[in-house]
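Some notes on the structure that comes next.
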Amino acid sequence: MENAERAIEWFGGLSLFAGQVIRNSFSPPFEFTEILKQIFEIGWRSAPLIILSGLAVGSVLSMHTRSTLERFGAESMIPTALAFALVKETGPLVTGLLVSGRVGAGIGAELGGMRVTEQIDALESLAVNSFKYLVVTRVVACVVAMPLLTVLMNFAGVLGGFFAETLVSGSSFTFYFNTAFSSLSFSDYIPPTIKTTVFGFIIGTTSAFLGYNATGGAEGVGRAATQSVVLSSIFLIVCNVLLVKFIFFLYPGSGS
Amino acid sequence: MSDEPTPAIRFDGVSKSFGSRVVLKDVSFSVATGTAFVLLGRSGTGKSVTLKLICGLLKADSGSVFVNGEDITNLDSDQLATTRKRIGFLFQSAALFDSISVGENVAFPLRRHTSKPDAEIREEAKSILEKLGLGKEYDSMPGDLSGGMRKRAGLARALAVEPSILLVDEPSAGLDPITSSEIDDLLIDVKTNRKATLVIVTHNIPSARRIADRMAFLDNGQLVAEGTVEELEKSEHQLVRDCMKSKQGG
């Protein structure tokens, strides 16, 4: 019973925190310099991880797709099937999980460290709104960076698929990319990519909430970092189910 | 109307609790402008909480905190920010931002609250660091500094916007006697030459004797003694008298 009460209290705190993030995102002053810095930290510095993972995921998916489609003599569908799988689900979800691992842990640990070493109090004492300066900037950066990283993951994935496929069938780069993207329409591409802005919000808000409210010294910082990854990944996966259903509702054709 | 000047800081029946733990109970005192006020007491008696209440980092459960005559207990965040621009805070751990250099730490409040050009801000930050003996450390990272240097860098950042009130939490904690004495000299200089009001929390009695114009002693969240050094030496409370006899620093 006590645990249930604590869980409700925790979710209540997170919800209020998320509401505060949204409200503060639209009220001045806007910390543009800090937001750009965070987009660089969160987005640009995650790019190598995303590209490498995209290449690996794409090549593995391509190999699996080939072994399945070969049975039906439909090898020519491999680029299309791979592009659909990547753009609609694998790309956004894998990007979300990678970012929650790299960035979620970073935000949780950084803000947690700042909290326990009184750096957040120091910011406030210097008449700086620490919530805007530290939390809102990171969440906004996650929201902006996630779709960009997802696009990068999708292209890297298709490229990885091309490398795997060309080794087996020797198909050309132009043919592969034309086939991969020619069947994709606006409704296939945009909703899953926009969905990742919600992933960015979940990762940024959950990890900032845990870091900003960290207590208990170095142990508390470690706990905030670990929980940031675990909880933002879980929330992201659960939210993905709801968002896919929502996208099917808004774009009925996107399921076919 | 009284002709007495408005005190820089006034606590009026302030209480503060964290959950069931009462930290301050009906505490009242005032600090005259341009003087140094030292808060003494055992660990965990609410001294640091008192500093955070003055700066508005914590909110009193009851009572009022006046800063330069203005009750800050009910101010909104924008009004509080305006008040905080007049207050400098040297934290026990210095609380330097560890992701930016020492110089940028000092330049930070200048960048936030002035519209001076970048070159001028850098010069000003360098000049403040030089005055505190850290002229060569502009580009050093906070993690590379010794404890005493970190304290001085923290003091440099707190003084950057020339506050009229300086709050100092445990200036000698973890420092050797020589460095501790150097920090005391700097604080005396701030009080004498900058005419700032100082509120200092310390366990270092020799240091407190050097700096303080007035002192107060907190015990179990209550102010049990307040006055000059001599008055506290003659306090009716045994604990206060024992504390004042201490020759220990740190």
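Chains as they are written, first to last, in our numbering: chain A, 1 to 256; chain B, 1001 to 1250. Note that the Cβ used here is the ideal one computed from N, Cα and C, for glycine as well.
In this structure, what does DSSP give as the bridge partners for residue i?
| i | result |
| --- | --- |
| T1197 of chain B | B:I1165 |
| V230 of chain A | For V230 of chain A, which the question treats as bridged, DSSP gives no partner whatsoever. |
| I1009 of chain B | B:V1031, B:V1067 |
| F1037 of chain B | B:V1199, B:R1214 |
| V1014 of chain B | B:V1027 |
| V250 of chain A | Contrary to the premise, residue 250 of chain A reads as Leu rather than Val in this sequence. Note: L250 of chain A sits in no beta bridge, so no partner. |
| V1022 of chain B | B:S1017 |
| Q1222 of chain B | B:D1219 |
| L1090 of chain B | B:V1168 |
| S1043 of chain B | Partner(s): none; S1043 of chain B has no beta bridge. |
| G1227 of chain B | B:M1215 |
| S1062 of chain B | B:S1015 |
Within the same chain, show all residues whose beta-carbon is closer than 6 Å to that of residue i, passing over the 5 residues directly before and after it, in chain order.
| i | result |
| --- | --- |
| Q227 of chain A | L210 |
| E75 of chain A | L69 |
| A1094 of chain B | R1150, K1151, G1154 |
| G1069 of chain B | T1006 |
| N1105 of chain B | L1096, F1097, R1157 |
| P1222 of chain B | Looking at the sequence provided, one finds Gln at residue 1222 of chain B rather than Pro. Once the five neighbours on either side are set aside, the close Cβ partners of Q1222 of chain B are K1025. |
| T1033 of chain B | A1008, T1197 |
| G104 of chain A | I203, S207, S228, V229, S232 |
| A4 of chain A | none |
State the CB to CB distance for the pair residue i and residue j, rounded to an integer number of angstroms; the pair is presumed to be in contact (CB under 8 Å).
| i | j | result |
| --- | --- | --- |
| L98 of chain A | S53 of chain A | 6 Å |
| F1011 of chain B | A122 of chain A | That belief does not hold up - the Cβ atoms of F1011 of chain B and A122 of chain A are roughly 23 Å apart, past 8 Å. |
| L149 of chain A | I50 of chain A | 5 Å |
| G108 of chain A | A224 of chain A | 4 Å |
| L1051 of chain B | D1144 of chain B | About 27 Å; that fails the 8 Å criterion. |
| I234 of chain A | P192 of chain A | Not confirmed; about 20 Å, so no contact. |
| G106 of chain A | A145 of chain A | About 12 Å separates the two Cβ atoms, so there is no contact after all. |
| R1086 of chain B | I1165 of chain B | 6 Å |
| A1208 of chain B | L1040 of chain B | 6 Å |
| A1173 of chain B | A127 of chain A | Rounded, the Cβ-Cβ distance is 25 Å, inconsistent with contact. |
| N129 of chain A | S1077 of chain B | 6 Å |
Under 8 Å Cβ to Cβ from residue i, same chain only, skipping five residues before and after it: list those, please.
| i | result |
| --- | --- |
| D188 of chain A | F84, V87, K88, S254 |
| D1139 of chain B | S1101, V1102, G1103 |
| L134 of chain A | L111, M114, I120, L123, A208, Y212 |
| L1110 of chain B | K1116, I1121, E1124, A1125, A1160, V1161 |
| V198 of chain A | C239, L243 |
| G1013 of chain B | D1026, V1027, S1028, S1062, G1063, S1064 |
| E1230 of chain B | none |
| D1071 of chain B | S1064, V1065 |
| S266 of chain A | An answer regarding residue 266 of chain A cannot be provided, because it is not within the stretch 1 to 256 covered by chain A. |
| A1107 of chain B | I1121, R1122, E1124, A1125, A1160 |
| D1176 of chain B | G1148 |
Ordered along the chain, which non-local residues of its own chain (more than five positions away) have a Cβ less than 7 Å from that of residue i?
| i | result |
| --- | --- |
| F181 of chain A | A83 |
| L1232 of chain B | M1215, F1217, A1225, V1240, M1244 |
| M1001 of chain B | Below a pLDDT of 50, predicted positions are generally treated as unreliable, and M1001 of chain B, at 48, falls in that range; no measurement from the model is reported. |
| S171 of chain A | E165 |
| A1036 of chain B | K1191, L1198, I1200, I1211, A1212, D1213 |
| T1179 of chain B | G1148 |
| V35 of chain A | Per the sequence presented here, residue 35 of chain A reads as Ile, with Val not at that position. Excluding sequence neighbours, I35 of chain A sits near T137, V140, A141. |
| G101 of chain A | V229 |
| T1228 of chain B | R1214 |
| T196 of chain A | P92, T95, G96, M146, P147, T150 |
| C1055 of chain B | R1084, I1087, F1089, L1167 |
| L1132 of chain B | R1152, L1155, A1156, L1186 |
| T205 of chain A | F17, A18, V21, V139 |
| S1017 of chain B | V1023, D1061 |
| G58 of chain A | L82, L86, A156, G157, V158, L159, G160, G161 |
| T65 of chain A | I78, A81, L82 |
Tell me whether residue i, by its Cβ, gets closer than 8 Å to a heavy atom of the ligand ADP.
| i | result |
| --- | --- |
| R1086 of chain B | In terms of ligand content, the structure shown is empty, and the ligand ADP therefore cannot be addressed. |
By the 7 Å beta-carbon criterion, what residues does the region 105-130 of chain A contribute toward chain B?
T117, E118, Q119, D121, A122, E124, S125, L126, A127, V128, N129
Assess contact between the region 1203-1221 of chain B and the region 1023-1043 of chain B, defined as three or more Cβ pairs (one per stretch) separated by less than 8 Å. Is contact present?
yes
Is the region 1039-1058 of chain B touching the region 1154-1163 of chain B in the sense that three or more CB pairs, one from each, lie closer than 8 Å?
no
Would you call the region 10-23 of chain A and the region 111-122 of chain A touching, i.e. three or more CB-CB distances under 8 Å?
no
Check each residue of the region 1033-1057 of chain B: if its Cβ is closer than 9 Å to any Cβ of chain A, include it; give the result in chain order.
K1052, C1055, G1056, L1057
For the region 1053-1086 of chain B, which residues have a CB atom closer than 7 Å to at least one CB atom of chain A, in sequence order?
C1055, L1057, S1077, A1081, R1084, K1085
Selection of the region 1216-1234 of chain B by Cβ proximity to chain A, strictly under 8 Å
none
Just by C-beta distance, which residues in the region 1107-1118 of chain B are closer than 8 Å to chain A?
F1108, P1109, R1112, H1113
Selection of the region 1090-1102 of chain B by Cβ proximity to chain A, strictly under 9 Å:
F1091, Q1092, S1093, A1094, A1095, L1096, F1097, D1098, S1099
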